[in-house]
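Numbering (my numbering), first residue to last: 2 to 520.
Printed below as a string of C-alpha cells:
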C-alpha cells in the first residue's frame with residue numbers, strides 16, 4: 002500500500018509518497034524517488050544526437066540542438082544559417098542555437114564533453130539498483146498513475162492510452178527499459194501534483210516512437226533511434242546515441258536539475274589522508290589501509306602496530322598494512338609544516354560541517370537510523386546516533402549528505418551502511434562531536450570528522466576517511482580512501498523567506514495592476 006504524508010509549511014503544501022514494503026516500512030526522507038541523474042553539460046541541449054537530427058518542417062524546438070561526432074550535414078530539414086564566427090548556427094525552427102562537431106572551436110570539444118556526459122548519464126540511469134517496481138503490468142502503462150520510484154522493465158513499454166505521473170516538484174522517477182518505448186497516436190503523459198518533467202528519466206535501450214499527436218514528458222536517454230511522428234510533442238529533452246527524427250514536432254526543453262543536498266565540505270589538504278589524527282593511530286594487525294595516514298602534532302611513536310620502516314629521506318615511512326605512506330610530525334621537512342596545514346584543514350572542515358544552518362531534518366527518528374533510507378540533505382542530531390540495523394543512503398553521484406551530531410555515532414556489529422542510486426562515499430560527511438564506534442564486522446561509508454576517538458572493531462571496514470582530533474584505533478580493519486571532492490562555483494545565495502514570493506517589492510508602484518494576482 003501507499004501512504005500519503007501531507008505537511009503544511011506556511012503557504013506551501015508538500016506531498017510525499019512512501020512505499021511500504023511487504024516486510025515493513027522503509028522511511029524515505031527528502032524527495033521521494035531515486036537520486037537525480039546528473040546530465041552534466043548534456044543539459045545544455047534540448048536535443049543531442051550522435052548520428053543526426055532530421056525534421057519534416059515545421060517543427061518548433063525551444064532550446065539548443067547539437068550533433069557530435071558527426072558534421073552539420075547530419076542536421077536536415079532545419080535550413081541552418083551559420084553565425085559569423087561559425088561556432089553555431091540558427092534556424093527558424095529552433096529557439097536556441099544549432100551546434101555540430103565540424104563548427105569552429107570551442108564547439109567540437111564542448112560537444113565531445115556533452116556527448117560523454119550523455120553516455121555517462123545513460124549508464125548511471127541503466128545501472129540503478131533495487132527497483133521499486135519490476136515489470137509493472139508487463140510494460141503496459143496506459144491508464145496507470147505512476148508515483149515516484151525506480152521502475153525496471155526487461156521488455157518494451159507501451160502507452161496505448163493516457164498515463165498520469167503524480168508527485169511533488171522534488172520527487173523523481175527513473176524508468177529502465179531493455180526494450181522499446183512506444184506511445185500510441187493521440188495519447189498523453191500528464192503530470193499532476195507539481196511533478197516536473199525535469200525529474201523524469203526514461204532510459205531506453207531500444208528505440209522511442211511517439212505517435213501522431215501524442216505528448217511525452219521527461220528526459221529521454223536513448224541507446225538507439227528516436228521517432229516523433231506528425232504533431233507530436235515533448236516537454237523534456239531527447240538525448241540519443243543514434244538518430245532523432247521529427248515530424249512537425251514541438252520540443253520544449255526543461256530546466257536542468259542539479260544535485261540535491263548541502264554544499265560540499267572542503268577538506269583541504271586533509272583529503273590527502275585516509276586517516277589523520279592528532280593523538281595517535283593504533284592497529285591490531287593485520288589492518289589494510291588504502292591511502293596515506295598521518296599524525297600531528299605528535300611523533301611517530303604514536304603510530305603503533307604498523308611496524309614502520311622509515312624512508313631514507315626520513316620524510317615518511319611505509320608499512321605492510323598501508324598502501325600509501327605514513328607521516329608524522331617528527332619526520333623531516335617539509336612534513337611537519339604540511340601536517341600542520343592538514344590538521345588545520347581538518348579542524349576547519351569540522352567547524353564548517355558543524356556550523357551548517359537550516360537543517361533539512363532535525364532529530365530524525367530520534368537518532369535511530371537503522372532500517373531507514375536517507376536521501377540527500379543536512380541532518381542534525383542533539384543526541385547519539387545509533388545504527389542497529391542496516392542503513393541505506395540513496396542519491397545520485399553528485400548528491401551530498403551532512404550528518405551533524407552533538408553526541409556519538411555507533412554502528413552495531415555486522416551492520417552495514419549501503420549506498421544506492423550512484424551515491425558516493427566522498428559526498429557523505431559525518432560530523433561527530435563525541436566518539437565513533439564501528440562494530441565487529443560492520444561497514445561504514447563516508448568521511449568521518451570526529452572530535453574525539455574513533456574505534457573500528459575486529460573485521461570492520463570503511464569506504465571514506467577517518468579525520469579525528471584525538472585517537473584512532475583499528476582492529477584488523479579495512480579502510481579504503483575515496484576521491485577528494487572540492488567545491489565548484491559560487492555558494493548558494495540564501496533567499497530566506499523571500500523565496501515564498503514570485504515578486505517582492507518595497508515600492509507598491511513597481512508592480513502594475515495587470516501583474517497582480519489575488520492570494
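Backbone N, C-alpha and C fix where the C-beta goes; we use that ideal spot for every residue, glycine too.
Helix, strand or coil at residue i [DSSP, three-state]
i: residue 249; result: coil
i: residue 27; result: The predicted model places residue 27 with a pLDDT of 26, which falls under 50 and marks its position as unreliable; any figure quoted below should be read in that light. Residue 27 falls in the coil class under three-state DSSP.
i: residue 428; result: helix
i: residue 163; result: coil
i: residue 495; result: Residue placement at residue 495 cannot be trusted, given a pLDDT of 47 that sits under 50; the coordinates are not used to answer.
i: residue 303; result: helix
i: residue 199; result: helix
i: residue 374; result: strand
i: residue 1; result: Residue numbering for the chain in the displayed model covers 2 to 520; residue 1 lies beyond these limits and cannot be assessed.
i: residue 264; result: coil
i: residue 318; result: strand
i: residue 367; result: helix
i: residue 34; result: coil
i: residue 280; result: coil
i: residue 484; result: coil
i: residue 399; result: coil
i: residue 241; result: strand
i: residue 270; result: helix
i: residue 392; result: strand
i: residue 310; result: strand
i: residue 135; result: strand
Backbone CA spacing between residue i and residue j [nearest angstrom]
i: residue 422; j: residue 174; result: 12 angstroms
i: residue 123; j: residue 324; result: 34 angstroms
i: residue 146; j: residue 350; result: 45 angstroms
i: residue 438; j: residue 332; result: 30 angstroms
i: residue 191; j: residue 220; result: 14 angstroms
i: residue 442; j: residue 43; result: 42 angstroms
i: residue 413; j: residue 478; result: 15 angstroms
i: residue 187; j: residue 205; result: 21 angstroms
i: residue 255; j: residue 193; result: 16 angstroms
i: residue 229; j: residue 71; result: 21 angstroms
i: residue 196; j: residue 171; result: 7 angstroms
i: residue 160; j: residue 207; result: 15 angstroms
i: residue 290; j: residue 320; result: 10 angstroms
i: residue 104; j: residue 238; result: 22 angstroms
i: residue 143; j: residue 162; result: 4 angstroms
i: residue 495; j: residue 261; result: Residue confidence for residue 495 is low, a pLDDT of 47 falling below 50, so the modelled location carries little weight; the figure read from the coordinates is stated next. Looking at the two C-alpha atoms, the distance is approximately 15 angstroms.
i: residue 1; j: residue 363; result: Nothing can be reported for residue 1: it is not among the residues displayed for the chain, which extend from 2 to 520.
Enclosing alpha helix (DSSP H) for residue i [first to last residue]
i: residue 350; result: 336-356
i: residue 123; result: 108-128
According to DSSP, residues forming a beta bridge with residue i
i: residue 380; result: 362 and 404
i: residue 59; result: Bridge partners of residue 59: none, in fact.
i: residue 228; result: 210 and 246
i: residue 438; result: 411 and 456
i: residue 141; result: 159
i: residue 1; result: Residue 1 is absent from the model: the chain starts at 2 and stops at 520.
i: residue 387; result: 369 and 411
i: residue 101; result: 68
i: residue 147; result: 166
i: residue 94; result: Paired residue(s): none; residue 94 is not in a bridge.
Continuous beta strand (DSSP E) stretch holding residue i: start and end
i: residue 182; result: 182-184
i: residue 522; result: Residue 522 cannot be examined here, being either before or after the span of the chain that is shown, 2 to 520.
i: residue 324; result: 323-329
i: residue 1; result: In the structure as shown, the chain begins at 2 and stops at 520. Residue 1 is therefore absent and cannot be evaluated.
i: residue 150; result: 150-154
i: residue 176; result: 174-178
i: residue 481; result: 479-481
i: residue 43; result: Careful: residue 43 lies outside any beta strand (DSSP E) and carries neither H nor E.
i: residue 78; result: No beta strand (DSSP E) holds residue 78; DSSP gives it neither H nor E.
i: residue 418; result: 418-421
i: residue 295; result: 293-296
i: residue 474; result: 472-476
9 angstroms Cβ cutoff, residue i in contact with chain D
i: residue 208; result: Considering every chain present, this structure includes no chain D. It has just one protein chain.
Discussion item. Assess contact between the stretch 284-304 and the stretch 369-382, defined as three or more Cβ pairs (one per stretch) separated by less than 8 angstroms. Is contact present?
Written reply: no
Worksheet item: Should the stretch 41-51 be called in touch with the stretch 165-179, which here means at least 3 C-beta pairs below 8 angstroms?
Response: Segments in contact, no.
Worksheet item: Is there contact here, the stretch 374-385 with the stretch 404-417, by at least three beta-carbon pairs under 8 angstroms?
Response: Yes, the stretch 374-385 touches the stretch 404-417.
Worksheet item: Is the stretch 243-257 in contact with the stretch 56-65, if contact means three or more CB pairs nearer than 8 angstroms?
Response: yes
Discussion item. Does the structure place the stretch 273-283 close enough to the stretch 464-473 that three or more beta carbon pairs sit under 8 angstroms?
Written reply: yes
Worksheet item: Would you say the stretch 373-380 touches the stretch 391-404, given that touching needs at least three Cβ pairs under 8 angstroms?
Response: The answer is yes - the stretch 391-404 touches the stretch 373-380, with three or more Cβ pairs under 8 angstroms.
Worksheet item: Taking contact to mean at least 3 C-beta pairs separated by less than 8 angstroms, is the stretch 175-182 in contact with the stretch 142-158?
Response: yes
Discussion item. Taking contact to mean 3 or more Cβ pairs, one atom from each stretch, closer than 8 angstroms, check whether the stretch 239-247 and the stretch 224-231 are in contact.
Written reply: yes
Discussion item. Check whether the stretch 90-101 and the stretch 130-148 are in contact - that is, three or more C-beta pairs closer than 8 angstroms.
Written reply: Three or more Cβ pairs closer than 8 angstroms define a contact, and the stretch 90-101 falls short of that threshold against the stretch 130-148.
Worksheet entry | Segment contact flag, the stretch 110-128 with the stretch 73-87, C-beta cutoff 8 angstroms, min 3 pairs | no
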